[in-house]
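Undergrad: Just so you know, we're using our numbering here: the sequence shown kicks off at -17 and counts up by one.
Yeah, the Cβ is synthetic: ideal placement off N, Cα and C, and Gly gets one too.
No experiment lies behind these values; they were computed from the predicted model shown.
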Amino acid sequence: MPQETSLPSFSRLASSPFGLAEPTASLSPPYFSSNKGTITMDNKQWAPSVILVDADYLDRVAFDLTVNFERMIGRHIPQADLCHWIDCIALDGGLRPGEHETQVHFLHPKEKEAFRHFTPSSFTEDINGLSFSDNLGRFNLFAFPVEEIVSADEFFIQSFTMLADAKEIDRLIVVGDMAAYGDTLRKLCAQTEGKEITLMTMEPVPGKGFQQEILGYSLMSALGIKSEELQ
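#1: Once the 5 residues before and after A227 are set aside, which same chain residues still bring their CB inside 6 Å of it?
#2: Is S133 helix, strand or coil by DSSP?
#3: Quick one: what does DSSP say L212 is sitting in, helix, strand or coil?
#4: What's the call for S209, buried or exposed, on a 16-neighbour Cβ count within 10 Å?
#5: Of the residues A29, W28, V32, L40, which one's Cα is nearest the Cα of E196?
#6: Report yes if the C-beta distance between E83 and S31 is below 9 Å; otherwise report no.
#7: Can you name, in chain order, every residue of its own chain whose Cβ lies under 8 Å from the Cβ of G198, other than the five neighbours on each side?
#8: Is the beta carbon of H99 closer than 9 Å to that of F45?
#9: In whole angstroms, give me the CA-to-CA distance for K262 and H87.
#10: Pick out whichever of S133, F97, P79 has its Cα sitting closest to the Cα of A62.
#11: Determine, using beta carbons only, whether E211 and I55 come nearer to each other than 9 Å.
#12: Taking only three categories from DSSP, how would you classify I196?
#13: Which runs of the beta strand (DSSP E) fall wholly inside the region 25 to 104 and span at least 3 residues, in chain order?
#14: For the alpha helix (DSSP H) containing L123, name the first residue and the last one.
#15: Within the region 145 to 187, note down every full alpha helix (DSSP H) run reaching 4 residues or more, in order along the chain.
#16: Using 10 angstroms around the beta-carbon of Y155, count the other beta-carbons present and answer buried if the total reaches 16, otherwise exposed.
#17: Going by the DSSP bridge assignment, what does F138 pair with across the sheet?
#18: Spatial neighbours of Q36 within its chain, please: C-beta separation below 8 Å, excluding the five flanking residues on both sides.
#19: Taking the beta strand (DSSP E) that D116 falls in, what are its first and last residues?
#20: Less than 9 Å between the beta carbons of V49 and K92, yes or no?
#21: Of the choices L118, N117, I131, S113, whose alpha-carbon is the least far from that of F124?
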């Protein structure tokens, strides 16, 4: 199970004229846009550590775990603590206590306005522009809707490709739908050099150029499911 972290302190990031958020610190966020079906990187400043999340996939996995474990342990399971979950996968991805800077990018369908199984939930009102700090450093959160001009799978893969090519990034933690585009993702990892890449998966997958951790453990922790309840 993930290590313990300190309680986070929260702040908001300044609003951006592009409708996204810009931190009040010197590091301004990159943001994604689509042009004729191609995702472009409009700002080349990235944090050393980046977490890329397929938000719709993550929400589906959280739902499946909630339903299954409510039946198993016989109690109601509340929504998952999003910031606690981020801490857990940051630890799984190799981040350790210190004054780090991490960006978390949630890619979500345009019609999906909020998580159903996480709190905070609203991509626009709660998550985009949220910043929190704890003993793992500072986390800046951003949410990007998938435009109709490109498929959600293609949007995710093109976004990952940009992150893999960004020289500023040392650590890349990826939460994607391996059943939908995992083969492409694994091939890209094998071709990427100079990055510490962690794929968060629900079951082991073959490949090289990445390490992998089981996504379910971090979600169980964020959902408040204790190991003794499963005995």
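TA: Taking the coordinates as given:
#1: Only positions -17 to 213 of the chain appear in this structure, which leaves residue 227 out of reach.
#2: S133: coil per DSSP, three-state reduction.
#3: In the structure shown, L212 sits in a helix (DSSP, three-state: H, G or I).
#4: S209 is classed as exposed because its beta carbon has fewer than 16 other beta carbons within 10 Å across all chains shown.
#5: Residue 196 is actually Ile in this sequence, not Glu. Ranking the options by Cα distance to I196, first place goes to L40.
#6: The Cβ-Cβ distance between E83 and S31 falls below 9 Å.
#7: Spatial neighbours of G198 in its own chain (CB-CB distance under 8 Å, excluding positions within 5 residues in sequence) are listed in chain order as V43, L47, M184.
#8: A Cβ-Cβ contact shorter than 9 Å links F45 with H99.
#9: The displayed coordinates of the chain run from -17 to 213. Any statement about residue 262 would go beyond what the structure contains.
#10: The shortest C-alpha to C-alpha distance from A62 to any of S133, F97, P79 is the one to F97.
#11: Yes, these two residues count as a Cβ contact at 9 Å.
#12: Three-state result, I196: strand.
#13: Correct list: 31 to 36, 83 to 91.
#14: Per DSSP, L123 is not a residue of any alpha helix (DSSP H); the beta strand (DSSP E) it occupies stretches across 119 to 128.
#15: Runs found: 160 to 173.
#16: As written in the sequence, residue 155 is Ile, which differs from the Tyr given in the question. Here I155 is buried: its Cβ has 16 or more other Cβ atoms, across all protein chains shown, within 10 Å.
#17: Paired residue(s): none; F138 is not in a bridge.
#18: Here residue 36 is Asp; the residue named in the question, Gln, does not match the sequence. Same-chain partners within the cutoff: L89, A134, F138, V157, G158, D159.
#19: For D116, the enclosing beta strand (DSSP E) begins and ends at 112 to 116.
#20: No, these two residues do not count as a Cβ contact at 9 Å.
#21: Comparing Cα-Cα distances from F124 to each of L118, N117, I131, S113, the minimum goes to S113.
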